[in-house]
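Residue numbers (the numbering used here): 774 to 825. Here the structure is laid out as structure tokens; the discussion comes afterwards.
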Amino acid sequence: MFAALLERRGARVIRCPLVAIRDAPDPAPVLAWCRRFVAGEFDDLILLTGEG
774 MFAALLERRG ARVIRCPLVA IRDAPDPAPV LAWCRRFVAG EFDDLILLTG
824 EG
């Protein structure tokens, strides 16, 4: 979206994605963790994107 905004204003954009979202090869541990979280085993959840 940001690249499209710049292009509409005349910029030449070179796309270079640095982050990819991938599915876990085995979703069972992820689902188990989600169930524990929903059950209230954790007080806090901090999510980081790693994009600085």
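For every residue, glycine included, the Cβ atom is placed at its ideal position computed from N, Cα and C.
1. Name the two residues that bound the continuous alpha helix (DSSP H) containing proline 798.
2. Tell me the residue span of the alpha helix (DSSP H) that contains arginine 781.
3. Quick test of your reading: alanine 812 and valine 803, contact by CB under 8 Å. State the CB separation rounded to the nearest angstrom.
4. Of all the options Val792, Leu791, Ala777, which has the alpha carbon lying nearest to the alpha carbon of arginine 785?
5. What is the DSSP secondary structure of phenylalanine 815, counted as helix, strand or coil?
Taking the geometry as given:
1. Taken as a continuous stretch (DSSP letters only), proline 798 belongs to no alpha helix (DSSP H), as it is neither H nor E.
2. Note, arginine 781: alpha helix (DSSP H), 775-781.
3. 15 Å between Cβ atoms; not a contact.
4. Selected option, being the one with the closest Cα: Ala777.
5. It is coil, neither helix nor strand.
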